[in-house]
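Data first, discussion second: the structure below is written as structure tokens.
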Amino acid sequence: MGGVVNPNALVVAAQRLGGADFASRYAGLYLLRRCPETDPDDSLPFETMPAGLYGLDEELPDGAIAAQVALLRKREGNPYPNQISIGRTNNCDVILKFPWMSKLHAIVRLDADGKKLIDLGSTNGTRLNDQRLSPKVPVPLAPGDRIAFGKLRCQLVDAEQLHLYLSGNE
């Protein structure tokens with residue numbers, strides 16, 4: 660699965676495929692933003708470029724659950740193969756276009772002993788499971804963790820967890 664897909668493709672796939680088939684086809688880690696949020700800035704875009712945006716808040720099939728989903732993956736050609744950059748500029752791996760996001764807000768470092776989330780001294784901070792991160796201090800990251808980049812609240816999910824949410828079985 661490369662590049663950008665139809666905005667509703669994951670919702671449709673979650674409704675049509677069983678959990679194992681969905682997880683096999685869409686393997687990976689995702690940032691899941693459940694919609695609608697109560698934030699008045701909810702209409703602002705949430706996107707990630709070539710790694711793929713799955714914005715699922717328009718033209719949803721009947722009974723679908725609205726969400727926005729960004730695949731947590733390196734963009735081809737970006738340096739530093741062991742880290743995924745997250746921020747609001749177009750040269751980040753995961754681009755989150757919100758005014759409270761720093762240009763280069765945080766990174767996910769891929770270490771031999773697992774994934775680590777690192778705030779890069781962002782203006783509005785990064786929280787993991789409601790704990791504010793100290794700048795430049797790596798903390799372990801795992802599926803199910805709740806992450807806040809400034810005011811943007813999302814959850815790190817794997818394909819199985821994403822399927823449960825999008826199919827309405829969570």
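Every position in the sequence shown, counted from 1, becomes a number in the numbering used here once 659 is added. Backbone N, C-alpha and C define an ideal beta-carbon position, used for all residues, glycine too. Since the structure is predicted, the reported quantities are computational estimates derived from the model, not experimental observations.
Check                                                                                                                                                                                       : Outcome
Taking the beta carbon of Ser826 as the centre, do at least 16 other beta carbons fall within 10 Å, making it buried, or is it exposed?                                                     : buried
Relative to the C-alpha of Gly803, which candidate in Ala672, Gly780, Tyr689 and Pro797 has its C-alpha closest?                                                                            : Tyr689
Grab me the residues of Thr707's own chain with a C-beta within less than 6 Å of its C-beta, minus the 5 sequence neighbours each way, in chain order.                                      : Caution applies to Thr707, whose pLDDT of 41 falls short of 50 and renders its modelled position unreliable; the value that the coordinates give is listed next. Ala729, Val753 and Ile754.
Could you give the residue range of the beta strand (DSSP E) that holds Phe681?                                                                                                             : No beta strand (DSSP E) contains Phe681, which is instead part of the alpha helix (DSSP H) from Gly678 to Arg684.
Shortest alpha-carbon distance to Pro738 belongs to which of Arg747, Gly780 and Arg768?                                                                                                     : Arg768
Identify, in the order they occur along the chain, each residue of the same chain with its Cβ nearer than 6 Å to the Cβ of Leu821, setting aside the five sequence neighbours on each side. : Tyr689
Arg732 and Ile745: beta carbons closer than 8 Å?                                                                                                                                            : no
For Ser781, collect the residues of the same chain with a Cβ closer than 6 Å to its Cβ; drop the 5 residues on either side in sequence, then sort them by chain order.                      : Ser761 and His764
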